[in-house]
Amino acid sequence: MTELLIEFFSEEIPARMQARAADDLKRLVTDKLAANGLTFTAADAHSTPRRLALVVDGLPERTADVREEKKGPRVGSPEQAVAGFLKSAGLDSLDQCEQRDTGKGVFYFAVAEKKGRETAEVLAEIIPAAMAELPWPKSMRWGTGTVRWVRPLHSIIALFGGRVLDGGYDIGGTQGRIAFGNSTRGHRFLAPDAFTVESFADYREKLRAAKVVLGREERKAKIKADAEALATAQCLTLSPDDALLEEVAGLVEWPVVLMGSIDESFMDVPSEVLITSMRTHQKYFAVLDAEGRMAPRFIVVANTETLDGGKAVVAGNERVLRARLSDAKFFWDQDRKTKLEARVPALEKITFHAKLGTVAEKVTRVQLLAAEIARAIGADSDAASRAALLCKADLVTEVVGEFPEVQGIMGRYYALGQGESADVANAIADHYKPLGPSDNCPTAPVSVSVALADKIDTLVGFFAIDEKPTGSKDPYALRRAALGVIRLVLENGLRVKLGEIFAAAHGAYKVSGLAPAGSVGGDLMSFFADRLKVVLREQGVRHDLVDAVFALGGEDDLVRLLARVKALQAFVGSDEGANLAAAYKRASNIVRIEEKKDGASFDQPVDADRLAQDEEKALFAALNEASATAKPLLDAEDFTGTMAALAKLRGPVDAFFDKVTVNAEDKDLRANRLRLLTQIRTTLNAVADFSKIEG
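In the working numbering, the protein residues as written are 3 to 697.
Next comes the structure, spelled out in structure tokens:
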């Protein structure tokens, strides 16, 4: 078994594209290997700013011989059928065919023996084909070349068993073909000379000697460890930032971690602004003091070693950062001269959506809705209304204009500085939350009210103009908004009727003439049902149980719905519940078939006087008792108790199906027993629509 080593060496590949490109290269090559009948034991892809590499272990020296057979017409078939078979098989005459008795007659068979090929020959075709199919998000042509690649390509290593493959990649124009070779280069500045390699192990070690760490995860680990060590030496801690770590690992081949200082004059600027400026523009890591506050230090990752131990690099980065932060401080100082409330009219110049008005109009709607939600959940409605009025005002500040990532956060700072209450200020900062599954969910009542109002206004508006998510497309992030609403409601245990809130939000649109008449509640609740399945699936709850509860209709209290679903899950997971669910389906199937046959319904009350056998009498009594017991428990939202009452039906139901013939010869007796089966369905459906339960 033999090793394949590939490397594409180029100018710097954008950091965000490297990991995906390495995965794509591995997928394309291994898929083509499999398509050519080549097996292998392992495949690993690597990326650095200037190279993509792939090593595949355990390849055979040749592809396997293949015997292909094609069955033709029966011997003695018409000439036209025989001619068509010969043509499709690529044969000239029947002399090239075999005749076989299949037990159903004697048929012609075309047999082709395909000898295996040298693997090296196959690889020389696979590599350029994979290169041509690499799906770069952005690519370019260079010089006179006609082929596109992410950045100008310099060389290609293609080794099989230590030998250079015969082939190359044609980039077109007068630049011609880049031939496969066995040489590459190390670090651009520290080891720029070319060197040859013989195997992946040799390649990796020579790269390290040439100041290139090939493994992306190894670079990340080194950056993190060295940064933490520098911070610890100053009695500080590294501020966690996995996304920045991932990006920086794609910017350096030989990471050298250094620490610089931030002028104390900038430290009165909110830390979120400082951190955003550093990470967005300069790719610096922040460090924290013992109290968790941002320290006047930063971590920079250089891509080179210097004779002065990085002093000049640090000084240069401090100088650049000083200019960046000077702008941020100027914006911060200027913004505080104007009150948030005075900025609200400027929101009239920002379009929320062409059919849904301006951001100023959205603010007016959110104000009304936030106050209504606040009253429903026992929050301060005046504070909620005030926070909603100011929640978007920071969009027209200089800081947010420069750093959109801190919208909401800056509103909180401005609000506190202008004398607003902590509840109002925190609600401004929190009203976009939660932004995703890893984001914290607001818990303060005023914050929750405004966050719900903002998201529900968006959802109702876009559903009203029929801009709903389709397939994988969700340009207005409505799925995220719905998941945010679900988390806000469930994690805070809010007993609110979403249908009423949807109606109030839609009413605000209709008053302003920005949304068509009619209700969006039904579509939105269906949308929420789908999103709720996503949330509950992560908690181990079956999607069909959510469907079973939603199918009852009229349930828009998510807390109550969740309690009902979880009780139902426990019930159907028990022996009694599983047995009753099966009995329900059996009863429903019988009733459905007989109703279709008779063209009549059997949902009338059972006639107790016509109950002939003890088993049907016992079932009738048990159903009545279960219904009577379950109703007050349902009204009290004791769903576990309700399920326990229904569980007592197992014995009578089993006995009924074991001893009673439903389709009796007596027409009236048959109809009465079908009504009894219908009562089983009705009794269980008081809790959930059992027809939606799978299995």
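No residue lacks a Cβ here, since even glycine has one placed at the ideal position from N, Cα and C.
Simplified DSSP state of residue i, which is helix, strand or coil
i: aspartate 46; result: strand
i: histidine 433; result: coil
i: glutamate 81; result: helix
i: isoleucine 352; result: coil
i: aspartate 172; result: strand
i: proline 93; result: In the sequence as presented, proline is not what sits at residue 93; that position holds leucine. Coil, per DSSP.
i: serine 423; result: coil
i: glutamate 617; result: helix
i: phenylalanine 504; result: helix
i: glycine 1; result: This structure does not reach residue 1, given that the chain is present from 3 up to 697, and the question cannot be answered.
i: lysine 116; result: strand
i: arginine 64; result: strand
i: arginine 299; result: strand
i: serine 279; result: helix
i: methionine 269; result: coil
i: arginine 165; result: strand
i: arginine 53; result: strand
i: valine 491; result: helix
i: threonine 340; result: coil
i: threonine 472; result: strand
i: lysine 598; result: helix
i: alanine 690; result: coil
i: serine 383; result: helix
i: lysine 208; result: helix
i: asparagine 665; result: coil
i: phenylalanine 604; result: coil
i: proline 634; result: helix
Endpoints, the alpha helix (DSSP H) within which residue i is located
i: methionine 527; result: 523-539
i: isoleucine 682; result: 669-687
i: threonine 234; result: 218-235
i: phenylalanine 405; result: Premise fails: phenylalanine 405 is in no alpha helix (DSSP H) and is neither H nor E.
i: threonine 41; result: It is not in any alpha helix (DSSP H) - threonine 41 carries neither H nor E in the DSSP assignment.
i: proline 127; result: In the sequence on display, residue 127 carries glutamate and not proline. Looking at the DSSP string, the run of the alpha helix (DSSP H) that includes glutamate 127 is 121-135.
i: threonine 445; result: Note, threonine 445: premise wrong, no alpha helix (DSSP H); not H, not E.
i: leucine 547; result: 545-552
i: threonine 644; result: 641-649
Where the beta strand (DSSP E) through residue i begins and ends
i: lysine 699; result: Given a span of 3 to 697 for the chain in the structure shown, any question on residue 699 remains unanswerable.
i: leucine 323; result: First-last for leucine 323: 313-337, but that is the alpha helix (DSSP H), not the beta strand (DSSP E).
i: serine 185; result: 185-187
i: leucine 155; result: 155-162
i: phenylalanine 11; result: 4-12
i: alanine 566; result: Reading off the sequence, residue 566 comes out as arginine, not alanine. Not the beta strand (DSSP E): arginine 566 falls in the alpha helix (DSSP H), residues 560-574.
i: alanine 479; result: No beta strand (DSSP E) contains alanine 479, which DSSP labels as neither H nor E.
i: valine 259; result: 258-263
Cβ-Cβ separation, residue j to residue i (assumed contact under 8 Å), whole Å
i: leucine 253; j: lysine 285; result: 7 Å
i: phenylalanine 504; j: valine 548; result: Rounded, the Cβ-Cβ distance is 19 Å, inconsistent with contact.
i: alanine 83; j: aspartate 59; result: The Cβ separation is near 49 Å, so there is no contact.
i: alanine 389; j: isoleucine 430; result: 6 Å
i: aspartate 382; j: aspartate 425; result: 7 Å
Residues that residue i bridges to, as DSSP identifies them
i: alanine 196; result: Arg187
i: alanine 181; result: Gly170
i: arginine 102; result: Phe109
i: leucine 240; result: Val289
i: tryptophan 151; result: Met142
i: aspartate 59; result: Ala44
i: alanine 304; result: Val258
6 Å Cβ shell around residue i - same chain, five flanking residues per side excluded
i: glutamate 350; result: Thr360, Ala362
i: glutamine 20; result: Ser49, Gly252
i: alanine 47; result: Ala24, Leu27, Lys28, Leu56
i: aspartate 329; result: none
i: arginine 345; result: Ala395, Val398
i: asparagine 581; result: Arg652
Residues of its chain near residue i, where Cβ-Cβ distance is below 7 Å and the 5 sequence neighbours each way are ignored
i: alanine 229; result: Leu240, Val259, Phe287, Ile301
i: asparagine 428; result: Arg414, Ala446, Ser449
i: glutamate 14; result: Pro51, Arg52, Arg153
i: phenylalanine 658; result: Glu617, Glu618, Leu621
i: histidine 189; result: Ala212, Lys213, Val214, Glu255, Trp256
i: lysine 694; result: Asp546, Asp549, Ala550, Ala553
Beta-carbon proximity list for residue i, same chain, < 8 Å, skipping 5 on both sides
i: alanine 628; result: Ala647, Leu648, Lys650, Leu651, Thr685
i: proline 130; result: Gly169, Gly170, Tyr171, Asp172
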